[in-house]
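Participant:
Protein chains: 2
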Amino acid sequence: MIIETQSVRFDSFTVETGATLAPVDVAYQTYGQLNDDRSNAILILHAFSGDAHAAGISRDGKPGWWDNMIGPGKGFDTDKYFVISSNVIGGCKGTTGPSSINPATGQPYAMTFPGITIRDMVRLQCKLIDYLGISKLLAVAGGSMGGMQALEWAVTFPDRTAACLPIASTARHSAMQIAFNEVGRQAVMADPDWNAGNYYGTKPPGRGLSVARMVGHITYMSDESMREKFGRKLREREVPSYDFSADFEVESYLRYRGSQFVDRFDANSYLYITKAMDYFDLSLGYPSLATSLERAQCRFLVISFTSDWLYPTYQSLETVNALRSRNRDVAYCELPSNYGHDAFLVEVGEQTELVRGFLSQTLKEIRRR
Amino acid sequence: MIIETQSVRFDSFTVETGATLAPVDVAYQTYGQLNDDRSNAILILHAFSGDAHAAGISRDGKPGWWDNMIGPGKGFDTDKYFVISSNVIGGCKGTTGPSSINPATGQPYAMTFPGITIRDMVRLQCKLIDYLGISKLLAVAGGSMGGMQALEWAVTFPDRTAACLPIASTARHSAMQIAFNEVGRQAVMADPDWNAGNYYGTKPPGRGLSVARMVGHITYMSDESMREKFGRKLREREVPSYDFSADFEVESYLRYRGSQFVDRFDANSYLYITKAMDYFDLSLGYPSLATSLERAQCRFLVISFTSDWLYPTYQSLETVNALRSRNRDVAYCELPSNYGHDAFLVEVGEQTELVRGFLSQTLKEIRRR
Chain H
77 MIIETQSVRF DSFTVETGAT LAPVDVAYQT YGQLNDDRSN AILILHAFSG DAHAAGISRD
137 GKPGWWDNMI GPGKGFDTDK YFVISSNVIG GCKGTTGPSS INPATGQPYA MTFPGITIRD
197 MVRLQCKLID YLGISKLLAV AGGSMGGMQA LEWAVTFPDR TAACLPIAST ARHSAMQIAF
257 NEVGRQAVMA DPDWNAGNYY GTKPPGRGLS VARMVGHITY MSDESMREKF GRKLREREVP
317 SYDFSADFEV ESYLRYRGSQ FVDRFDANSY LYITKAMDYF DLSLGYPSLA TSLERAQCRF
377 LVISFTSDWL YPTYQSLETV NALRSRNRDV AYCELPSNYG HDAFLVEVGE QTELVRGFLS
437 QTLKEIRRR
Chain V
77 MIIETQSVRF DSFTVETGAT LAPVDVAYQT YGQLNDDRSN AILILHAFSG DAHAAGISRD
137 GKPGWWDNMI GPGKGFDTDK YFVISSNVIG GCKGTTGPSS INPATGQPYA MTFPGITIRD
197 MVRLQCKLID YLGISKLLAV AGGSMGGMQA LEWAVTFPDR TAACLPIAST ARHSAMQIAF
257 NEVGRQAVMA DPDWNAGNYY GTKPPGRGLS VARMVGHITY MSDESMREKF GRKLREREVP
317 SYDFSADFEV ESYLRYRGSQ FVDRFDANSY LYITKAMDYF DLSLGYPSLA TSLERAQCRF
377 LVISFTSDWL YPTYQSLETV NALRSRNRDV AYCELPSNYG HDAFLVEVGE QTELVRGFLS
437 QTLKEIRRR
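First to last, the protein sequences are chains H and V.
To convert a position in the first sequence, counted from 1, into our numbering, add 76.
To convert a position in the second sequence, counted from 1, into our numbering, add 76.
(1) Mind checking whether valine 291 of chain H and glycine 260 of chain H have CB atoms under 8 Å apart?
(2) Give a yes or no on contact between the segment 92-100 of chain V and the segment 403-410 of chain H, applying the rule of three or more CB pairs nearer than 8 Å.
(3) Beta carbons nearer than 9 Å to chain H: which residues of the segment 307-330 of chain V have them?
(4) Taking only the alpha-carbon atoms, compute the straight-line gap between proline 268 of chain V and glycine 223 of chain H and give it to the nearest angstrom.
(5) Find the nearest neighbour of glutamine 183 of chain H within the set H:Gly209, H:Leu241, H:Asn274 and H:Thr367, judged by alpha-carbon distance.
(6) Just grab the DSSP bridge partners of glycine 447 of chain V for me.
(7) Are there three or more Cβ pairs, one per stretch, closer than 8 Å when the segment 309-329 of chain V is compared with the segment 146-155 of chain V?
(8) So if DSSP puts aspartate 357 of chain V in a beta bridge, which residue, or which two residues, is it bridged to?
(9) With 8 Å as the threshold, decide whether the Cβ of glycine 191 of chain V is near any Cβ in chain H.
(10) Could you have a look at tyrosine 408 of chain V and say whether DSSP puts it in helix, strand or coil?
(11) If you measure from the beta carbon of phenylalanine 256 of chain H to each beta carbon in chain V, is any gap under 8 Å?
(12) For chain H, check one thing: does any of its Cβ atoms lie closer than 8 Å to the Cβ of leucine 393 of chain V?
(13) With a threshold of 8 Å, are at least 3 pairs of Cβ atoms found where one atom belongs to the segment 355-363 of chain H and the other to the segment 334-346 of chain H?
(14) Beta carbon of cysteine 202 of chain V, beta carbon of phenylalanine 158 of chain V: below 8 Å?
(15) Report all residues from its chain with a CB closer than 8 Å to the CB of aspartate 357 of chain H; omit the five preceding and five following residues, and keep chain order.
(16) Could you check if lysine 169 of chain V is buried or exposed, using at least 16 other CB atoms within 10 Å of its CB as the buried criterion?
(17) If we count Cβ pairs, one from each stretch, closer than 8 Å, do we get three or more for the segment 174-194 of chain H versus the segment 114-124 of chain H?
(18) Whose Cβ in chain H lies nearer than 8 Å to the Cβ of methionine 302 of chain V?
(19) Secondary structure at threonine 389 of chain H, three-state DSSP: helix, strand or coil?
(20) At which residue ranges does the segment 149-232 of chain H contain complete beta strand (DSSP E) runs of 3 or more residues, listed in the order of the chain?
(21) Around the Cβ of proline 179 of chain H, are there at least 16 other Cβ atoms within 10 angstroms (buried) or fewer (exposed)?
(22) Under 7 Å between beta-carbons, which chain H residues line up against methionine 290 of chain V? List them in chain order, please.
(23) Quick one: which chain H residues come within Cβ less than 9 Å of proline 412 of chain V?
(24) Figure out for me which residue from V:Ala263, V:Pro412 and V:Gly167 has the closest Cα to the Cα of glutamate 426 of chain V.
(25) If you measure from the beta carbon of alanine 266 of chain V to each beta carbon in chain H, is any gap under 8 Å?
(26) To the nearest angstrom, report how far apart proline 388 of chain H and threonine 295 of chain H are at their CA atoms.
(27) Rounded to the nearest angstrom, what separates leucine 377 of chain V and serine 317 of chain V at their Cα positions?
(28) To test your reading of the DSSP string, which unbroken beta strand (DSSP E) runs of 3 or more residues are found completely within the segment 230-315 of chain V?
(29) Excluding the 5 residues preceding and the 5 following isoleucine 254 of chain V in the sequence, name in chain order all residues of the same chain whose CB lies nearer than 8 Å to its CB.
(30) Out of H:Ile165, H:Gly416 and H:Arg85, which one is the CA nearest neighbour of methionine 197 of chain H?
(31) Is the Cβ of lysine 279 of chain V closer than 8 Å to any Cβ of chain H?
(32) Cβ of arginine 333 of chain V versus every heavy atom of the ligand MG: is any distance shorter than 7 Å?
(33) Could one say the Cβ of lysine 212 of chain V lies closer than 8 Å to chain H's Cβ atoms, at least one of them?
(34) Within its chain, find whatever has a CB closer than 7 Å to the CB of arginine 404 of chain H; leave out the 5 residues flanking it on each side and keep chain order.
(35) Quick check on proline 148 of chain H: buried or exposed, where buried means 16 or more other Cβ atoms within 10 Å of its Cβ?
(36) Report yes or no: do the segment 133-141 of chain H and the segment 297-315 of chain H share at least 3 C-beta pairs separated by less than 8 Å?
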């Protein structure tokens with residue numbers, strides 16, 4: 077089934093820092109049918125470079141980024157649930173971001189776009205949910221940055237969701253996570269074509285953005301998965317070149333993924349969204365993480381993966397322990413995987429079982445009340 | 077004591093790929109006194125960005141990179157041993173490398189410099205040892221790329237050293253190690269100032285080299301050491317800037333270390349030396365790693381560190397297991413540390429004990445024969 081991206085325009089939206097964007101567009105997709113009492117809606121939250129196209133096949137033939145988890149009979153079963161996915165604010169896939177035209181100037185916002193936060197992403201999603209006429213979501217779910225949004229939903233809108241599924245994620249970015257993001261930003265900003273963000277209509281900072289993405293890709297894999305996938309295999313040659321072409325398969329893979337990313341992502345969105353992740357600290361403004369999570373009223377399913385060194389298990393446990401200390405309903409699973417952080421996108425089997433059971437149970441508990 | 081860097085010029089040196097450099101200079105330092113039977117010489121091998129200045133204080137007041145391990149009464153005790161340290165071929169600290177003048181053209185070699193290998197580094201060091209009149213070293217020792225050179229010494233010149241100490245190292249670079257190096261190279265080569273390597277006398281590719289070094293620094297630390305050192309601490313401010321300045325201390329630290337590196341290292345050397353590391357595979361040309369290490373006749377002390385995820389313990393164990401399978405004399409220690417790969421430079425206490433004991437025992441065994 078071909079999935080179309082829809083769009084809704086809101087007159088204005090004021091971000092946490094106080095700046096107002098007017099108007100704001102939100103790109104979204106939906107899968108499945110909203111039931112009569114509007115109680116079966118699930119909001120899927122995308123990771124850093126994701127978009128609204130989470131499931132199904134787009135007009136140009138591409139499957140959604142979590143198509144293995146969302147669909148008829150899948151983990152997020154669209155025969156039962158109405159699933160919504162939208163592009164985040166600051167993004168470049170239909171929701172207003174730095175590459176959007178600022179009506180006040182007729183030019184792209186570029187670096188005049190206001191700084192954004194994970195909470196801004198969630199607050200704009202809430203406007204979308206209001207617009208769709210849904211007063212309470214059955215669940216919010218996402219991996220990586222999607223998990224941060226899920227946690228923010230549970231705390232900022234405690235009466236608007238019955239369940240929260242943060243996967244391969246964290247309640248606050250660590251120094252190492254900030255460090256890797258900062259390297260990516262510096263790579264983008266070091267590219268003269270970045271031109272202080274004013275590259276629209278000219279050459280985008282492709283070399284810098286490509287290097288940034290290469291770093292990202294390494295952190296999404298694991299030492300073991302790279303060893304299994306590439307090892308020391310040479311590419312289309314028997315002996316090393318001793319020049320600086322891509323001798324090893326891992327080199328050509330990274331170069332390819334880097335250059336591919338340039339065609340599909342906006343460099344300024346890269347800067348704004350990574351900063352939003354780095355600013356994310358659910359405990360900010362509270363005495364502790366536990367007191368912030370105490371606001372949450374929903375059920376939690378927290379999942380991490382053994383080989384994920386970018387969002388390690390200890391970060392998920394920090395969330396779980398904080399929730400438990402406030403007697404919140406939380407289930408936690410660490411799933412075995414060699415795929416590193418990418419596991420949340422590829423380890424379908426066990427995630428499907430966990431998600432399916434958790435959502436059924438949530439539905440049962442809602443009906444019991 | 078002020079240590080001076082010395083230099084020796086060899087008429088020519090032919091690298092593994094067949095190219096001949098003429099002449100070749102080698103920068104080196106020595107500490108302590110060579111004894112009468114010339115049996116107390118230890119060759120120290122530097123890591124990627126190191127140089128000949130391993131110990132003591134230079135004329136400009138800087139301590140050597142392993143000064144905490146080399147000196148009177150230290151692990152490599154210069155009251156007992158004659159310690160030698162030289163800059164590697166391809167480097168930029170006095171030994172011939174891409175920034176050196178090619179006498180045939182009167183211009184820097186730049187990218188006409190031949191591709192080099194860890195074995196080339198070691199073969200040139202052997203010329204230095206010959207020149208110093210030492211037929212057999214007591215030991216070769218180094219961390220990281222220094223450990224690769226140590227292993228190469230044991231296999232390429234089995235009758236020229238009595239002991240080998242590879243620390244926080246590997247017998248072959250893994251896909252992940254190659255991947256991180258490739259990101260650094262792409263960052264350098266993406267900088268227009270790199271200009272295909274022809275930047276001498278003009279502006280060096282400082283932005284690219286700085287980004288490359290930032291990536292490197294993250295991989296030298298550990299998640300835990302970064303959490304302890306930086307956490308989410310903001311820099312000289314109470315609230316985030318929401319601009320793209322260095323909000324977090326870890327950001328300003330990395331930016332500083334990146335820019336500092338540009339002042340002291342040559343970008344083309346960065347390319348050549350990282351490639352040499354990536355090409356390193358001690359088993360190349362042999363049926364297995366064990367058969368290559370079977371050539372070695374010396375004693376081994378292999379050390380790794382618990383939090384070193386760049387050169388993880390399993391790589392040291394691969395070397396140890398290969399040596400054991402051929403009944404070679406090998407001691408192995410995994411030392412506890414939070415410092416990640418940097419541990420070999422900062423964990424002085426236990427390393428000192430291990431090195432001191434191992435060297436004494438080696439000396440005893442030599443005298444017993």
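Beta carbons: idealized from backbone N, C-alpha and C, even for Gly.
Facilitator: Put simply:
(1) Residue numbering aside, residue 291 of chain H sits at position 215 when the first sequence is read from its first letter. Residue numbering aside, residue 260 of chain H sits at position 184 when the first sequence is read from its first letter. In this structure, the beta-carbon distance from valine 291 of chain H to glycine 260 of chain H falls below 8 Å.
(2) With a cut-off of 8 Å, the segment 403-410 of chain H and the segment 92-100 of chain V do not count as touching, because too few Cβ pairs lie within range.
(3) The residues in question are Gly307, Arg308, Lys309, Pro316, Ser317, Tyr318, Asp319, Phe320, Ala322, Asp323, Phe324, Glu325, Val326, Glu327, Tyr329 and Leu330.
(4) In the second sequence, counting from the first residue as 1, residue 268 of chain V sits at position 192. In the first sequence, counting from the first residue as 1, residue 223 of chain H sits at position 147. Taken atom to atom, the span from the alpha-carbon of proline 268 of chain V to that of glycine 223 of chain H is near 38 Å.
(5) As a working note, residue 183 of chain H is residue 107 in the first sequence. For glutamine 183 of chain H, the closest of H:Gly209, H:Leu241, H:Asn274 and H:Thr367 by C-alpha to C-alpha distance is H:Asn274.
(6) Because residue 447 of chain V is not part of the residues shown, which for chain V are 77 to 445, the question remains open.
(7) No contact exists between the segment 309-329 of chain V and the segment 146-155 of chain V.
(8) The sequence position of residue 357 of chain V within the second sequence is 281, counting from 1. Answer is V:Arg248.
(9) The residue labelled residue 191 of chain V in the question sits at position 115 within the second sequence. Closer than 8 Å to the CB of glycine 191 of chain V there is at least one CB belonging to chain H.
(10) If you number the second sequence from 1, residue 408 of chain V lands on position 332. The answer is strand: DSSP assigns tyrosine 408 of chain V an E or B state.
(11) Here residue 256 of chain H refers to the residue found at position 180 of the first sequence. It does: the Cβ of phenylalanine 256 of chain H has a partner Cβ on chain V nearer than 8 Å.
(12) On the second sequence, position 317 is the one that residue 393 of chain V refers to. Answer no: the Cβ-Cβ gap between leucine 393 of chain V and chain H never drops below 8 Å.
(13) Two segments are said to touch when three or more pairs of C-beta atoms, one from each, lie closer than 8 Å; by this definition the segment 355-363 of chain H does not touch the segment 334-346 of chain H.
(14) Here residue 202 of chain V is taken as the residue at index 126 of the second sequence, counted from 1. Here residue 158 of chain V is taken as the residue at index 82 of the second sequence, counted from 1. Their beta carbons are not under 8 Å apart, which means cysteine 202 of chain V does not touch phenylalanine 158 of chain V by this criterion.
(15) Taking the first residue of the first sequence as position 1, residue 357 of chain H is located at position 281. Once the five neighbours on either side are set aside, the close Cβ partners of aspartate 357 of chain H are Ala247, Arg248 and His249.
(16) Locating residue 169 of chain V in the second sequence gives position 93, counting from the first residue. Lysine 169 of chain V is buried by the Cβ-count criterion.
(17) Contact annotation: the segment 174-194 of chain H does not touch the segment 114-124 of chain H, with fewer than three C-beta pairs closer than 8 Å.
(18) Stepping through the second sequence from its first residue, residue 302 of chain V is reached at position 226. Ser250, Ala251, Met252 and Ala255, listed in chain order.
(19) As a first step, residue 389 of chain H is located in the first sequence; it is residue number 313 there, counting from the start. The three-state reading of DSSP puts threonine 389 of chain H in helix, counting H, G and I together.
(20) For the segment 149-232 of chain H, whole beta strand (DSSP E) runs of length 3 or above, ordered along the chain, are 158-162 and 215-219.
(21) Counting from 1 along the first sequence, the entry for residue 179 of chain H is found at position 103. Its Cβ having fewer than 16 others within 10 Å, proline 179 of chain H is exposed.
(22) Within the second sequence, numbered from 1, the residue matching residue 290 of chain V stands at position 214. Going along chain H in sequence order, the residues near methionine 290 of chain V (Cβ under 7 Å) are Val259 and Gln262.
(23) Looking up residue 412 of chain V in the second sequence gives position 336. Under the 9 Å cutoff, chain H gives no residues; its nearest Cβ is about 18 Å from proline 412 of chain V.
(24) Taking the first residue of the second sequence as position 1, residue 426 of chain V is located at position 350. With distances taken between Cα atoms, glutamate 426 of chain V lies closest to V:Pro412.
(25) To locate residue 266 of chain V, count along the second sequence from 1; it is residue 190. The beta carbon of alanine 266 of chain V falls within 8 Å of a beta carbon belonging to chain H, placing the residue at that interface.
(26) Locating residue 388 of chain H in the first sequence gives position 312, counting from the first residue. Locating residue 295 of chain H in the first sequence gives position 219, counting from the first residue. Distance between the alpha carbons of proline 388 of chain H and threonine 295 of chain H is about 12 Å.
(27) Start at 1 with the first residue of the second sequence, and residue 377 of chain V comes out as number 301. Start at 1 with the first residue of the second sequence, and residue 317 of chain V comes out as number 241. Straight-line measurement puts the Cα of serine 317 of chain V at about 50 Å from the Cα of leucine 377 of chain V.
(28) Segments of the beta strand (DSSP E) lying fully in the segment 230-315 of chain V: 239-243.
(29) Start at 1 with the first residue of the second sequence, and residue 254 of chain V comes out as number 178. Around isoleucine 254 of chain V, the same chain offers Asp354 as residues with beta carbons nearer than 8 Å, after the five sequence neighbours per side are excluded.
(30) Within the first sequence, numbered from 1, the residue matching residue 197 of chain H stands at position 121. Cα-wise, what sits closest to methionine 197 of chain H is H:Ile165.
(31) As a first step, residue 279 of chain V must be located in the second sequence, where it is residue number 203. Not closer than 8 Å to any Cβ of chain H, the Cβ of lysine 279 of chain V fails to qualify, so no.
(32) Looking for the ligand MG in the displayed structure turns up nothing, as the structure carries no ligands at all.
(33) Indexing the second sequence from 1 puts residue 212 of chain V at position 136. By this cut-off, lysine 212 of chain V is not an interface position.
(34) Here the question's residue 404 of chain H lines up with position 328 in the first sequence. Counting only Cβ-Cβ distances below 7 Å, and skipping sequence neighbours, we find Leu369, Ala372 and Phe376.
(35) Residue numbering aside, residue 148 of chain H sits at position 72 when the first sequence is read from its first letter. By the neighbour-count rule (16 or more Cβ atoms within 10 Å), proline 148 of chain H is not buried but exposed.
(36) The segment 133-141 of chain H is not in contact with the segment 297-315 of chain H.
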